[in-house]
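In this text, residue positions in the sequence shown follow my numbering: the first is 489, and each later residue adds one.
Quick reminder that beta carbons are idealized off the backbone N, C-alpha and C, glycines included.
This report refers to the structure that appears directly beneath it.
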Amino acid sequence: MGWQVRREDIEYYIYDERANAVGYFIPEYGTNEEDRIIDLITDEASVRGGTISLYLSDLPKDSMHYNRFLEWLNSVNDRLKRIKEYSNSKGLSEPYIKFEHSMIVVTFDIRFDRRVELTKKSLSDALNGILNELKYTKAL
Numbered sequence: 489m490g491w492q493v494r495r496e497d498i499e500y501y502i503y504d505e506r507a508n509a510v511g512y513f514i515p516e517y518g519t520n521e522e523d524r525i526i527d528l529i530t531d532e533a534s535v536r537g538g539t540i541s542l543y544l545s546d547l548p549k550d551s552m553h554y555n556r557f558l559e560w561l562n563s564v565n566d567r568l569k570r571i572k573e574y575s576n577s578k579g580l581s582e583p584y585i586k587f588e589h590s591m592i593v594v595t596f597d598i599r600f601d602r603r604v605e606l607t608k609k610s611l612s613d614a615l616n617g618i619l620n621e622l623k624y625t626k627a628l
């Protein structure tokens, strides 16, 4: 699958093959100093991983029948379980959930097999395998 990344500030937004935003990646820069982070990006430094946030579902805007709500809730829960299983299988910390712009977002750590340069191509290539694995397990 052709995942793409586009940097905005210090985050790298992730898009699927139809240019739909599916989430964003924040590399582990090793610092919280914004000037230092910008230097790392400019120098195309390399990272071993970071956190990825995936858009799981829009929150329902309208009321729905009980059974329809349970279907929606179970669907979200199934995807969360798959993401938690992925994190556990990689020995990473447990994912956490947040709400952004009327969406449920799951955030979790990822680690690359090797250091990855902070370039669009390098990050796209490195995230490709992880995102395809999540897609294959129906977590995405």
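Going by C-alpha distance, which of Asp523, Glu521, Glu496, Tyr503 is nearest Asp613?
-> One-based indexing of the sequence shown puts residue 613 at position 125. Across the set Asp523, Glu521, Glu496, Tyr503, the C-alpha of Tyr503 shows the shortest separation from the C-alpha of Asp613.
Can you round the beta-carbon distance between Gly537 and Arg599 to whole angstroms, since I take them to be within the 8 Å contact cut?
-> Within the sequence shown, the letter at position 49 stands for residue 537. Within the sequence shown, the letter at position 111 stands for residue 599. At roughly 4 Å, the Cβ-Cβ gap stays under 8 Å, so Gly537 and Arg599 are in contact.
Burial state of Leu561 (16 or more Cβ within 10 Å) | In the sequence shown, the residue the question calls residue 561 occupies position 73. By the neighbour-count rule (16 or more Cβ atoms within 10 Å), Leu561 is not buried but exposed.
Taking Ser534 as the reference, which of Gly617, Asp601, Tyr624, Leu544 has the closest Cα?
-> For the purposes of this step, residue 534 is identified with residue 46 of the sequence shown, where counting begins at 1. Shortest Cα-Cα distance from Ser534 to any of Gly617, Asp601, Tyr624, Leu544 involves Asp601.
Considering only residues of the segment 537-595, which uninterrupted beta strand (DSSP E) runs meet the minimum length of 3 residues and lie entirely inside it, listed in chain order?
-> If we require 3 residues or more, the beta strand (DSSP E) runs fully inside the segment 537-595 come out as 584-588.
Name the residue from Leu622, Gln492, Glu521 whose alpha carbon lies nearest to the alpha carbon of Glu505.
-> Locating residue 505 in the sequence shown gives position 17, where the first residue counts as 1. The shortest Cα separation from Glu505 among Leu622, Gln492, Glu521 belongs to Gln492.
Return helix, strand or coil for Ile514, following the three-state DSSP convention.
-> Residue 514 sits at position 26 when you count from the first residue of the sequence shown. Taken through DSSP and simplified to helix, strand or coil, Ile514 comes out as strand.
When the Cα atoms are used, what is the spatial distance from Asp550 to Ser590?
-> By 1-based counting over the sequence shown, the position of residue 550 is 62. By 1-based counting over the sequence shown, the position of residue 590 is 102. The alpha-carbon atoms of Asp550 and Ser590 are separated by roughly 12 Å.
The beta strand (DSSP E) enclosing Arg494, as first and last residue numbers | Walking along the sequence shown from the start, residue 494 turns up at place 6. Start and end: 492-496.
Give the DSSP-derived three-state secondary structure of Ala509 in the structure shown.
-> Counting from 1 along the sequence shown, the entry for residue 509 is found at position 21. In the structure shown, Ala509 sits in a strand (DSSP, three-state: E or B).
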